[in-house]
Amino acid sequence: MRRTIHMVNLDPAAENFDYPVALDIRELISLDDVMEELGLGPNGGLIYCMEHLEENLDDWLTEELDNFLDNDYIVFDCPGQIELFSHVPVLKNFVEHLKHKNFNVCAVYLLDSQFMTDVTKFISGCMASLSAMVQLELPHVNILSKMDLMTSKRDIEEFVLFHYLLLSVHLALYTNAYIFVIGSYLNPEPRVLLSELNQRMAPQFGKLNKALIELVDQYSMVSFVPLDLRKESSIQYVLSQIDNSIQYGEDADVKVKDFDPEDDD
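Take the sequence shown: its letters are residues 918 to 1182, numbered as in this note's numbering.
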């Protein structure tokens, strides 16, 4: 990708990584230690750890980030618990701290592709994404992850038929002997979602279903980019969406390759 990338772990409960980590919150505080010493449960301990991080942003995080270069690409791997986005301001304040330090920041929300097989799961994922979008107030890229696990014809047929519109840019997904072309941007179709919800839920939930779908439709930014790790083109496309969100590389100098004109003789 021709860039320097640093991974920063912000999950105090993380155990193992398949990639090198440049900075790790567990060097500051770990969930296991908090639960053992303070007698807190997993959720309470996690919030305690993140609040401790917030209190040490200047002393611990800023000092470490100052070691990175201006054009370095930094990925912050955050805990997935939605309450950190919806109930406490820790990650909001963390983001504000980065912006105050002149970082270009983008939020990337990953939703498991298996959520597409059930409309109620999909709506739940949309609501969680929307909560993060509203709370963080950042450019936002929603990614439908683990597309490489959808290996059967039935999975892809359900994917194509399950509440999405085809857009102008397409991404080819190869599964077994079948090739299906679907939109790179996957936008929920409100009427189809509502119909599916009403079919699967009791009649008394009709008004609630309608309100939820209208909310998703109102925030038309809730759309998803598919990520298939088997396809380099898929990875590049996702990366381009993130780059556009943070305006990565716009300040870089244009490099002109050496060119020797051919001799007319």
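All residues carry an ideal CB built from backbone N, CA and C; glycine is no exception.
One thing to note: Q998 has its Cβ within 8 Å of the Cβ of L963. Taking C-beta separations shorter than 7 Å and ignoring five residues to either side along the sequence, the partners of F985 in its chain run H923, I991, following chain order. Apart from the 5 residues on each side of it in sequence, W977 sits with its Cβ closer than 6 Å to the Cβ of L945 in its chain, given in chain order.
Q1121 is classed as exposed because its beta carbon has fewer than 16 other beta carbons within 10 Å across all chains shown. Q1164 is positioned such that its CB atom lies no closer than 8 Å to that of N1059.
Our two residues, S1041 and E1054, have alpha carbons roughly 20 Å apart in a direct line. Take the alpha-carbon of N1161 and the one of F1011: they are about 22 Å apart.
Taken atom to atom, the span from the alpha-carbon of H1004 to that of L1066 is near 32 Å. The C-alpha of N1019 is placed about 20 Å away from the C-alpha of A939. Here Y936 carries a coil assignment [DSSP, helix/strand/coil]. Every beta strand (DSSP E) of 3 residues or more that sits fully in the region 1017-1048 is shown, in chain order, as 1024-1029. The residue among A930, V1133, I1159 with its C-alpha nearest the C-alpha of V1036 is V1133. With contacts defined as CB atoms closer than 8 Å, L948 and A930 qualify as a contacting pair. Take L1114, set aside five residues on each side of it, and the residues of its chain with a beta-carbon closer than 6 Å to its own are V1036, N1126, in chain order. Secondary structure of N973 (DSSP, three-state): coil. Shown here, L927 sits in coil according to DSSP, grouped into three states, outside any helix or strand. Comparing alpha-carbon positions, the option among Q1052, Y1026, V951 lying closest to K1009 turns out to be Q1052. Counting other Cβ atoms within 10 Å of its Cβ, Y936 stays below 16 and is therefore classed as exposed. According to the DSSP assignment, V1058 belongs to the beta strand (DSSP E) that extends over 1057-1062.
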